[in-house]
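Asker:
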Ligand code: SF4
Ligand code: SF4
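Residue numbers (the working numbering): 334 to 424.
1. Cβ of residue 398 within 6 Å of any heavy atom in ligand 1?
2. With a threshold of 6 Å, establish whether the CB of residue 357 neighbours any heavy atom of ligand 1.
3. Leaving aside the five residues before and after residue 411 along the sequence, list all residues of the same chain whose C-beta is less than 6 Å from its C-beta, in chain order.
4. Using 8 Å for Cβ pairs, my map puts residue 399 next to residue 377. What's the rounded Cβ distance?
5. Ligand 2 heavy atoms versus the CB of residue 370: any closer than 6 Å?
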């Protein structure tokens, strides 16, 4: 399970310290070399057992920037999870 940061990210840094599993890295550590923040899917737990909604998306000031990514087989998904590609938080 995971969420994904899209290319509308403005590298503001608001999300990174909100993540309970340290799944987020900044543009300097983005393994895709894109100049945006990045979520490691194998670390993201969709904030299950931590928050009611993805804390990164709640903190993000850029509307629709953080979206649901492909779920990882066998792992619990957040209740009410949206479709892949839909924003985690609807403004
Ligand atoms: S959804 Fe939660 S666990 Fe996943 S990257 Fe965002 S803050 Fe971290
Ligand atoms: S809070 Fe949103 S815009 Fe800011 S760095 Fe994180 S994903 Fe990018």
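Ideal Cβ positions, reconstructed from N, Cα and C, are used throughout, including at glycine.
Answerer: Taking the coordinates as given:
1. no
2. yes
3. 379, 381
4. In fact, because the Cβ distance is near 10 Å, the residues do not count as touching under 8 Å.
5. yes
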